[in-house]
Amino acid sequence: MKIGMLGLGTVGGGVAQILESPSGRSPLLPEIKLSRVAVRDLAKSRNVCLPQGIFTTQPEEVIDDPKIALVVEVMGGIEPARTLVLKAIERGKHIVTANKSLIAAHGSEIFALAKDKGVCIAFEAAVAGGIPIIQCLKQSLGANRLRAITGIVNGTTNYILAQMSREGVDFEPALKEAIEKGFAEANPSADIDGIDAAEKLAILTLIGWNLKIDCPQIFTQGIRSIKQRDIEYAKRLNYTIKLLATARIEEKNSLCLHVQPHLVANSHPLASVNDAFNAIFLEGEPVGSLMLYGKGAGAGATASAVVSDILNIVGNSSAFPVLPTTSFQSATCSQEAHSHFYLRLLTDNSPTAAGGITWSLGMFNVVPLSVQQNLTQEGLLEIVIVTQSVFRSTLDNAIRSIVGLPYFKEVANILPILEA
Ligand SMILES: NC(=O)c1ccc[n+]([C@@H]2O[C@H](COP(=O)([O-])OP(=O)(O)OC[C@H]3O[C@@H](n4cnc5c(N)ncnc54)[C@H](OP(=O)(O)O)[C@@H]3O)[C@@H](O)[C@H]2O)c1
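Quick note, our numbering runs 19 ahead of the 1-based positions in the sequence shown.
Printed below as a string of structure tokens:
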């Protein structure tokens with residue numbers, strides 16, 4: 020099968036390297052020939068040696084080539100990727116893409132056209148890089164009723180949080196170091212503000228429950244608010260702070276979705292996922308709990324997922340239905356998480372502050388399980404409370420009642436807790 024590729028950057032380069040060195044891999048690989056590659060800059064040096072004649076700066080030449088049966092889209096961004104993918108499908112070509120933004124925002128449109136044209140669309144690399152989570156949800160766990168997906172799906176934020184914990188540094192220096200070491204983009208907003216994780220969660224929800232979610236429906240909070248004080252308190256309480264993307268079936272079959280930093284109990288498997296690694300913890304009936312762990316980004320891991328998609332399409336594996344489903348339902352979405360919470364509050368150094376606050380919280384049935392207080396360098400009282408399990412809205416009502424107290428200064432942080 021002749022394939023074309025849109026892009027030859029980090030991921031495309033990794034894909035080409037695998038295709039150019041098939042020995043010891045799938046016996047199907049030698050049947051795949053990379054015959055056209057679109058890039059922006061023909062003069063750029065590449066880490067893979069391909070015949071000069073296959074390059075073009077005109078992506079249309081790839082999708083118009085009648086000999087190409089499958090197009091790999093690894094150029095990124097929404098446009099022109101969306102238009103090119105739709106045109107390639109119109110011309111009857113199968114699509115493999117690593118583009119999470121494209122699938123999260125335009126998946127339904129792309130799947131509908133692909134179904135109409137009878138072509139496959141595969142996007143294993145779009146979520147958690149080298150971890151085969153899409154195939155796992157579609158195929159290996161197909162017998163299960165999925166209850167929850169909880170993932171560390173953004174390596175940049177996981178690296179920053181791990182550095183803050185290891186080195187005792189605050190968020191800003193940890194981010195600066197992550198940029199210098201290439202773990203974060205020069206413009207890191209999509210990662211640190213949770214947008215990238217929300218896009219991946221939307222894709223997981225689509226595959227896991229057949230539910231179409233628009234990213235703005237997902238409550239999304241990044242890691243900018245995490246201070247070294249929170250990391251230290253979490254350690255003292257036997258937790259580790261992680262940015263989690265969570266989808267959970269709640270009562271009345273509504274789906275609770277959020278991307279938020281959590282205090283994760285050190286005994287939970289997700290607590291030990293460090294640096295740029297990703298992991299996805301799944302709960303299903305009857306399988307119970309399981310976790311997939313691996314590299315969520317990088318040329319090799321991501322290319323592994325892209326090439327496995329190509330192989331699935333080329334092999335036309337009857338066990339793996341790569342033809343798209345289009346019968347997605349709209350979800351009843353809730354952002355109303357129910358959990359224990361960690362509160363870090365600042366007050367004047369008043370002997371009655373901690374008692375007054377816990378009493379006020381109790382008036383709303385928010386029961387403190389533990390209370391710690393310390394004097395800050397600025398002479399304020401820092402009160403850290405772990406609550407019993409409550410709805411977030413109940414907690415918010417209780418918090419509103421304490422901000423009016425005369426000695427109250429600031430809600431420094433509120434984070435949900437994931438117990439083991
Ligand atoms: N990097 C990762 O670890 C990773 C992990 C998971 C998913 N992804 C996804 O994979 C996709 C690719 O990421 P990447 O890191 O490989 O990006 P990248 O390194 O920036 O590479 C993009 C490639 O696309 C080419 N390109 C961009 N716009 C083009 C245009 N208009 N016409 C022709 N060629 C164009 C570029 O050409 P030039 O080389 O000439 O500039 C480059 O080769 C993205 O959707 C990303 O979200 C990446």
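Cβ coordinates follow ideal geometry from the N, Cα and C atoms, glycine included.
Under DSSP, the alpha helix (DSSP H) around Arg419 begins and ends at which residues?
If you number the sequence shown from 1, residue 419 lands on position 400. First-last of the alpha helix (DSSP H) with Arg419: 411-421.
C-beta contact flag for Pro46 and Ala324 at 8 Å
On the sequence shown, position 27 is the one that residue 46 refers to. On the sequence shown, position 305 is the one that residue 324 refers to. Ala324 is positioned such that its CB atom lies no closer than 8 Å to that of Pro46.
From the DSSP output, which residues share a beta bridge with His125?
As a position in the sequence shown, residue 125 is number 106, starting the count at 1. DSSP output for His125 lists no bridge partner at all.
Determine the DSSP secondary structure at Glu50, reduced to helix, strand or coil.
Start at 1 with the first residue of the sequence shown, and residue 50 comes out as number 31. Residue state, collapsed to three classes: helix.
Can you name, in chain order, every residue of its own chain whose Cβ lies under 7 Å from the Cβ of Ala193, other than the five neighbours on each side?
The residue you call residue 193 lines up with position 174 of the sequence shown. Excluding its 5 nearest sequence neighbours in each direction, Ala193 has C-beta neighbours in its own chain below 7 Å: Ile179, Gln182, Met183, listed in chain order.
Run through the DSSP bridge pairs and tell me what Thr116 is partnered with.
Along the sequence shown, read from residue 1 onward, the residue named residue 116 stands at position 97. In DSSP, Thr116 forms a bridge with Glu92.
Would you check whether ligand 1 has a heavy atom nearer than 7 Å to the C-beta of Ala107?
Here residue 107 is taken as the residue at index 88 of the sequence shown, counted from 1. No, Cβ of Ala107 sits at least 7 Å from all heavy atoms of ligand 1.
Does the Cβ-Cβ distance between Gln240 and Val278 come in under 8 Å?
As a first step, residue 240 is located in the sequence shown; it is residue number 221 there, counting from the start. As a first step, residue 278 is located in the sequence shown; it is residue number 259 there, counting from the start. The Cβ atoms of Gln240 and Val278 sit closer than 8 Å to each other.
Enumerate in chain order the residues of its own chain whose CB-to-CB distance from Leu132 is below 8 Å, with the five nearest sequence positions on each side excluded.
One-based indexing of the sequence shown puts residue 132 at position 113. Leu105, Ile108, Glu109.
Which residues share a DSSP beta bridge with Tyr258?
By one-based count along the sequence shown, residue 258 stands at place 239. Under the DSSP definition of a beta bridge, Tyr258 partners with Ala284.
Taking the alpha-carbon positions, what's the Leu165 to Thr366 distance?
By 1-based counting over the sequence shown, the position of residue 165 is 146. By 1-based counting over the sequence shown, the position of residue 366 is 347. Using only the alpha carbons, I get a separation of about 43 Å.
Around the C-beta of Met94, are 16 or more other C-beta atoms found within 10 angstroms, so that it is buried, or is it exposed?
As a working mapping, residue 94 is identified with position 75 in the sequence shown. Under this definition Met94 is a buried residue.
My understanding is that Val172 touches Val146, with C-beta atoms under 8 Å, so please give their C-beta distance in whole angstroms.
Indexing the sequence shown from 1 puts residue 172 at position 153. Indexing the sequence shown from 1 puts residue 146 at position 127. Contact between Val172 and Val146 holds, with the beta-carbon distance rounding to 6 Å and staying under 8 Å.
Do the CB positions of Ile153 and Ile73 come within less than 8 Å of each other?
Locating residue 153 in the sequence shown gives position 134, counting from the first residue. Locating residue 73 in the sequence shown gives position 54, counting from the first residue. Contact flag unset, no.
Going along the chain, which residues of its own chain have a beta-carbon closer than 8 Å to the beta-carbon of His125, five neighbours each way excluded?
Walking along the sequence shown from the start, residue 125 turns up at place 106. A distance below 8 Å between beta-carbons, with the five flanking residues on each side excluded, links His125 to the following residues of its chain, in chain order: Ile97, Arg101.
Does DSSP put Phe339 in a helix, a strand or coil?
The sequence position of residue 339 within the sequence shown is 320, counting from 1. Residue placement at Phe339 cannot be trusted, given a pLDDT of 41 that sits under 50; what the coordinates show is reported in the next sentence. In this structure, Phe339 counts as coil in the three-state DSSP scheme.
Please report the distance separating the alpha-carbon of Ile268 from that of Ser159.
Translated into the one-based positions of the sequence shown, residue 268 becomes position 249. Translated into the one-based positions of the sequence shown, residue 159 becomes position 140. Approximately 20 Å between the Cα atoms of the pair.
Counting only runs that start and end within the segment 359-439, where is the alpha helix (DSSP H) found for 4 or more residues in a row?
Runs of the alpha helix (DSSP H) inside the segment 359-439: 372-381, 411-421.
Return yes when at least one heavy atom of ligand 1 lies under 7 Å from the C-beta of Pro78, else no.
Translated into the one-based positions of the sequence shown, residue 78 becomes position 59. True, at least one ligand heavy atom lies under 7 Å from that Cβ.
Between the CA atoms of Ala197 and Asp294 - distance to the nearest angstrom:
As a first step, residue 294 must be located in the sequence shown, where it is residue number 275. As a first step, residue 197 must be located in the sequence shown, where it is residue number 178. Whole-angstrom Cα-Cα distance: 10 Å.
Residue range of the beta strand (DSSP E) that includes Asn297
Start at 1 with the first residue of the sequence shown, and residue 297 comes out as number 278. Run containing Asn297: 296-304, per the beta strand (DSSP E) assignment.
Can you look up Gln240 in the DSSP assignment and give me helix, strand or coil?
Position 221 of the sequence shown holds residue 240. In the displayed model, Gln240 falls within coil according to three-state DSSP, outside both helix and strand.
Tell me whether Lys246, by its Cβ, gets closer than 7 Å to a heavy atom of ligand 1.
Here residue 246 corresponds to residue number 227 of the sequence shown, with the count starting at 1. Remark: the shortest separation between the CB of Lys246 and any heavy atom of ligand 1 does not fall under 7 Å.
Taking its Cβ as the centre, do 16 or more other Cβ atoms sit within 10 Å of Asn229, making it buried, or is it exposed?
For the purposes of this step, residue 229 is taken as the residue at position 210 of the sequence shown. Under this definition Asn229 is an exposed residue.
Please confirm whether any heavy atom of ligand 1 lies closer than 7 Å to the CB of Lys200.
Your numbering for residue 200 matches position 181 in the sequence shown. No.
Helix, strand or coil at Met20 according to DSSP, with G and I counted as helix:
The count along the sequence shown starts at 1 and reaches residue 20 at position 1. When secondary structure is reduced to three states using DSSP, Met20 falls in the coil class, being assigned neither helix nor strand.
Counting only the same chain and skipping the five closest in sequence on each side, list residues whose C-beta sits under 8 Å from that of Leu282.
In the sequence shown, counting from the first residue as 1, residue 282 sits at position 263. Contacts found: Ala253, Leu256, Tyr258, Thr259, Ile260, Tyr361, Leu434, Pro435, Ile436, Leu437.
Between Gly148 and ligand 1, is the CB less than 7 Å from at least one heavy atom?
Start at 1 with the first residue of the sequence shown, and residue 148 comes out as number 129. In this structure, ligand 1 has a non-hydrogen atom nearer than 7 Å to the beta-carbon of Gly148.
Apart from the five residues just before and just after Glu401, which ones in its own chain have a Cβ nearer than 8 Å to its Cβ?
Here the question's residue 401 lines up with position 382 in the sequence shown. Hits under 8 Å: Arg248, Arg363, Leu364, Leu365, Gln392, Asn393, Leu394, Thr395, Ala431.
Out of Leu69, Leu53, Ile22, Gly375, state which residue places its alpha-carbon closest to the alpha-carbon of Ile114.
Working through the sequence shown from its first residue, we reach residue 114 at position 95. Here the closest residue by C-alpha is Ile22.
Say the cut is 7 Å; is the CB of Pro99 nearer than that to a heavy atom of ligand 1?
Position 80 of the sequence shown holds residue 99. Checking the Cβ of Pro99 against ligand 1 gives yes.
Would you call Ser337 buried or exposed, if buried means 16 or more other Cβ atoms sit within 10 Å of its Cβ?
Residue numbering aside, residue 337 sits at position 318 when the sequence shown is read from its first letter. Per-residue confidence for Ser337 stands at a pLDDT of 43, beneath the threshold of 50, marking its modelled position as unreliable; the derived number appears in the next sentence. Ser337 is classed as exposed because its beta carbon has fewer than 16 other beta carbons within 10 Å across all chains shown.
Can you give the Cα-Cα distance for Glu143 and Thr265, rounded to whole angstroms?
The residue given as residue 143 occupies position 124 in the sequence shown. The residue given as residue 265 occupies position 246 in the sequence shown. In this model, Glu143 and Thr265 are separated by some 19 Å (Cα to Cα).
Give me the Cα-Cα distance between Ala284 and Ile329, rounded to the nearest whole angstrom.
By 1-based counting over the sequence shown, the position of residue 284 is 265. By 1-based counting over the sequence shown, the position of residue 329 is 310. Roughly 39 Å between the two C-alpha positions.
With Gln102 as the anchor, note down where its alpha helix (DSSP H) starts and where it stops.
To locate residue 102, count along the sequence shown from 1; it is residue 83. Just to set this straight, residue 102 is Thr in the shown sequence, not Gln. First-last of the alpha helix (DSSP H) with Thr102: 100-109.
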